[in-house]
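All residue numbers for the sequence shown refer to the numbering used here, where the first residue is 96 and numbers rise by one.
Glycine is no exception: its CB is placed at the ideal position from the N, C-alpha and C atoms.
The block underneath contains the structure these notes are about, expressed in structure tokens.
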Amino acid sequence: MTNPDSGLIGPEAGVVSYRRLPMTAIRRAPDLDLDGRWSFQLLPSWDAELSSSWDEVTVPELWTMREAIDRPHYTNITMPFDLVPPHVPSANPTGVYRRSFDLGEVGEDRIVLHVGAAEGYLQVRVNGKLAGESTDSHLEAEFDITDDVRDGTNDIELRVAKWSMFTYLEDQDQWWQSGLSRAVKLHRTARVRLQDVTVVADYDFDTQLSAARIVATVSGAEESFEKTHSVRVTLAGSAHEGPVGSRRTAQTIPVSSPDRSRRPEAFIPDGVMDLMSLHAAKAPMAPAAAAAAAASHAAMHPAERPGAAIFELTELDIEPWSAETPHLETILVELLDLDGRIVDSTEIRTGFRRVEIVGRDLLVNGRRIWIQGVNRHDFEPETGRVLRREDYLADLSLLKRFNFNAVRTSHYPNDPVFLDLCDELGFYVFDEADIEGHAFMDLLSNDHRYLEAFVDRVSRMVIRDKNHPSVIAWSLGNETGYGVNHDAAAAWVRGYDPTRPLHYEGAIAADWHGGRAATDIVCPMYPPISALEAFSAHPEADRPLIMCEYAYSQGNSTGGLADYWRSIESLPGVQGGFIWEFKDHALDIDGDRHYRYGGDFGDEPNDGPIVLNGIVFADGTPKPALYEARGLFSPVRIVSHIQDALGGSLQVLNRQTFADLSSLRFALVVETTDGPTERFAVHAEADAGGTATIEVPQAVRAALGDDDALALTLDVSTAHDTVWAEAGNVLAQHQLTLTRDTPSPATPSSVGRPVGADGRFVHPLLAAAPRLNLWRALVDNDTSFFLDQRFVRTGFFELTEESVSVEDVPSGAVLIRTRYRTAFGEEVVHAQRITQVAADEFDFVESVQLPEGTADGLRVGVEFELAGTFDDLEWVGLGPWENYPDRQSSALLGRWTSTIDDAAVPYVLPQENGGRGDVRTMRLTGPAGEVTTTHDSPLQLTVSRHTTQELEAATHWWKLSASRKTIVQLDIAHRGLGTAQLGPDTPREFRLSELEYRWSWRLHLRAATSS
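Right, dumping it as structure tokens:
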């Protein structure tokens, strides 16, 4: 370390940092912005020689997003190289960034370089001299380069090695990338300056008053025994000034005088050495002795801290902060010299709130909150992990519009700008350290070679982010087992910031009642509801349970979310969780919307499409699963029945913890088989947690009584413009559905024989007649290893027609009985009774007999393909977005329209998509004509441009051939989606367990008439 140029520093040296400045919560505006054009070379290894050839790049950037020889690489758990800690690959791509900058006159200022984030091992050189090194790819590094710079033009080099021994701590489930992903800048400070500011902004829910403890630490005057500076803080219009503590003389025990020429006076009471121990033991003492002990304690532990000014402000009439009511205050902190001149200053925006765990409840401001959260990585498809403020705002605004209130920064600290926005918009944040050693999770947490890195990464995050009110819990990282390194980091946090709880899943992974040194929250991954129920009922359960990851959302997924929330809202001690995850990590490095996943860049080994597990597409477009969450996370919920609405009133629960309903607007509309009726604005008032009574207008009640009425819809929207939504933005839609008596279908009268002499059902509008369909293009969850190829084992992916019998029945119908063999030889029998009831109208009665031993399946229904061109789809059923049996609690019953193309959902890896449930009627129109179906029992509907076989054969949505085909699938039974790729399978009520199915429906085919 004394001679770093000798090779003791570098990605293999095991040095966490060299000459890096201590972390601080103070953020300084740049005096010189170094973002923009830099010269760049990519070397094959750390020690490779530079060439004379330089490219120009724009910083911030990731070279892996543009360099052909070092592309993005995706693994979930496995390291991208075959080594073990702490060894570093010899092939170690190293990016060298160079530029010059004009500093003007240095003067007496202190010059600090700020590197917002370097993904890899960072080395800094200024004017050819080594200025410092740093690790941790997701926290800033600052270096004092005062002694390295000169007046005028200076040269800077930032060298980033992709791999180091600390790469093993950054094995997160994301793309391996490298470069400078956040801003680079310079700032100047005075030699004596503010080093850090800590604000504990507390709110007492009993007195409804706030208090602040503000500690400002100062650097640059440490050696003075005199008070040379003071600090002034201004909050809520009041200024407070206090001195900066000076250096203290170290206490020593005086030496007794050797003078024996006269009798020394006695001035130390007998037993004085015992007083400190008696005071610490809280032993009973005489008043004089107690006073002496207290004075001795105060002398040894003075309240004044050297180099710091401390303020205790109480009884402040300041509104509290919460995610629902994110009230912020600005605290101005100024460092003054003896003449009162401002030497340095900073502003802290913070909110006053109290976070605590009481019993089994996580409380904010004394109230139990719901964690309606999501795990979020930094990600943009065209830039990787390089994000702008507007990107963060877009992400958070989308989440806010869909009623999410919490974010886990999986699995590293985000840019402070992100936390600023969380403070402002209102989110509860679980701030997570940049520690995931998944591939070696059982080794690293107990490896002393990584102890410093564990504590360094956690402590620097806490110091930087401590003043953000949105941060309500510290997370020690993710999937790195559990060991003494975690306990060391946890102990530091508990001592430094006792105002927030700790969170770490690894500490409870093997025992939900253990791990108390490292986590205050029981935070499991992907538990079944039965485990939540068991924990809630367990007599030893004494901490809140918040799932750190659940509702895994890879592809067409997130089934069972409503079941989770029914349990969460009813089980003691269970408070919610963080859905995995926010965005698909599909990259679009060429800007052509050809989204790519693991393996698409020749990256080996890779984990393929596992990176596509967001509830939002990579470009920020919501997936249908996001609408399911929107309804469940709604600020209100209807708690009355349709009969109450018919009687003139509706009861609505305010699910919010702090806010009343004044920020919301409400409207009622009746959904009918012909579409929605007139929308009526209605009024609702209720405090947080209260129930509002809404008066149902007479016109709405009348419409509900009509024969074509389906449901009553309550629209919930924003009342005012906000940063994250305009007034009128729909936050949720809730329904009460009407139950109608369904008359038994009459036996249809035949007007002709519906099939030809060969028993085939033909029509000019049919390219393929209705045929049995038992298979769907497997969704990702269907392929889960843990389902043990359950669906492939049925053989239903291939039905071979073995025999067909045709029988005319007395009613004029034709009974067609088809026997199929599955791929593995079992028999399936499909019987269709077809009656022609008009020239182009046909009635179908279907029955299906599955093989004995069939315990589960994917769908039971029929599929047919239309001839000619059809463009538009209309249906009466659940919509408007895609929904499936275990993901339809937020879908709405009504009459909906869509183009056929827009009805599809373009999951990057093609799979079953576009389904709509509870469909009573369906209508397709286009140049070829009009096709309608009506169903005696509601069916699951899919209308697609691609066959199941085409979807299963394609590796990417954009590789599907353009198609104008119209393929209709109508299912009497369709399996739920579940989350079995990583989590619970769909509940049993959404599986296909019957052996026999019966249903009936009607098909009307009307070809367009030629002009």
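Item, Value
"Cutting at 6 angstroms between CB atoms, please list the residues of its own chain near residue 231, excluding the five before and the five after it.", "529, 552"
"Taking the alpha-carbon of residue 990 as reference, which of 982, 977, 971, 1005 has the nearest alpha-carbon?", "971"
"Return the chain-ordered list of same chain residues with a C-beta closer than 7 angstroms to the C-beta of residue 433, the five sequence neighbours on each side being excluded.", "323"
"Which word fits residue 98, buried or exposed, when buried means at least 16 other C-beta atoms lie within 10 angstroms of its C-beta?", "The predicted position of residue 98 is uncertain, since its pLDDT is 41 and thus under 50; a value taken from the coordinates is nonetheless stated next. Residue 98 comes out exposed."
"Output the boundary residues of the beta strand (DSSP E) element that contains residue 517.", "Run containing residue 517: none in the beta strand (DSSP E); it sits in the alpha helix (DSSP H), 511-520."
"Can you tell me whether residue 102 is buried or exposed, with buried defined as 16 or more other CB within 10 angstroms of its CB?", "Low local confidence applies: a pLDDT of 49 at residue 102 is under 50, so the model's placement there is unreliable, with the coordinate-based value given in what follows. Residue 102 comes out exposed."
"Report all residues from its chain with a CB closer than 7 angstroms to the CB of residue 183; omit the five preceding and five following residues, and keep chain order.", "106, 107, 258, 259, 260"
"For residue 782, which option in 750, 708, 806 has the closest C-alpha, if you only look at C-alpha atoms?", "750"
"Using 8 angstroms as the Cβ pair cut-off and three pairs as the minimum, do the segment 489-505 and the segment 754-766 touch?", "no"
"Give me, in chain order, the residues of the same chain whose beta-carbon lies closer than 8 angstroms to that of residue 440; leave out the 5 immediate sequence neighbours on both sides.", "289, 427, 428, 429, 430"
"Report the three-state DSSP secondary structure of residue 690 (helix, strand or coil).", "coil"
"Among all the DSSP beta bridges, which residues are the ones paired with residue 746?", "788"
"For a quick check, are the C-beta atoms of residue 1009 and residue 1035 less than 8 angstroms apart?", "no"
"Which same chain residues, not among the five before or five after residue 662, have their C-beta less than 8 angstroms away from its C-beta?", "624, 627, 628, 669"
"Do three or more CB pairs link the segment 144-162 to the segment 236-249 at distances below 8 angstroms?", "no"
"Straight-line CA distance for residue 745 to residue 986?", "20 angstroms"
"Anyone know if the C-beta pair for residue 307 and residue 411 falls short of 8 angstroms?", "yes"
"Going along the chain, which residues of its own chain have a beta-carbon closer than 6 angstroms to the beta-carbon of residue 554, five neighbours each way excluded?", "587"
"Please report how far the alpha carbon of residue 693 lies from the alpha carbon of residue 144, in whole angstroms.", "32 angstroms"
"Compare the Cα-Cα distances from residue 1115 to each of 993, 958, 469, 957 and report the closest residue.", "In the structure as shown, the chain starts at 96 and stops at 1106, and residue 1115 therefore has no counterpart that could be examined."
"Pull up the distance between the alpha-carbon of residue 301 and that of residue 391, whole angstroms please.", "36 angstroms"
"Determine the DSSP secondary structure at residue 1039, reduced to helix, strand or coil.", "strand"
"With a threshold of 6 angstroms on Cβ separation, who are the neighbours of residue 297 within its own chain once the five nearest residues in sequence on each side are excluded?", "306, 449"
"Mapping DSSP to helix, strand and coil, what is residue 533?", "helix"
"Where does the unbroken alpha helix (DSSP H) through residue 1114 begin, and where does it stop?", "Nothing in the structure corresponds to residue 1114, since the chain is present only between 96 and 1106."
"Of all the options 576, 900, 544, 559, which has the alpha carbon lying nearest to the alpha carbon of residue 537?", "576"
"If you draw a straight line from the C-alpha of residue 454 to the C-alpha of residue 724, how long is it?", "28 angstroms"
"In the DSSP assignment, find the unbroken beta strand (DSSP E) run with residue 131 in it and report its ends.", "131-138"
"Assuming residue 674 contacts residue 524 (C-beta within less than 8 angstroms), just tell me the rounded distance between them.", "Going by Cβ atoms, the distance from residue 674 to residue 524 rounds to 15 angstroms, so no, they are not a contact pair."
"Have a look at 1025, 1016, 1018, 1002 and flag the residue whose alpha-carbon is nearest the alpha-carbon of residue 1046.", "1002"
"Give the straight-line distance between the Cα atoms of residue 1102 and residue 966, rounded to the nearest whole angstrom.", "14 angstroms"
"Per DSSP, which residues does residue 280 bridge with? Please list them.", "128, 209"
"Where residue 1090 and residue 748 are concerned, what is the direct C-alpha to C-alpha distance, given to the nearest angstrom?", "42 angstroms"
"Would you list, in sequence order, the uninterrupted alpha helix (DSSP H) runs of no fewer than 4 residues that lie entirely inside the segment 562-601?", "579-591"
"Decide if residue 1154 is buried, meaning its Cβ has at least 16 other Cβ atoms within 10 Å, or exposed.", "Summary: the structure shown does not reach residue 1154, with the chain confined to residues 96 through 1106, and so no result is reported for it."
"Put residue 470 into one of helix, strand or coil per three-state DSSP.", "strand"
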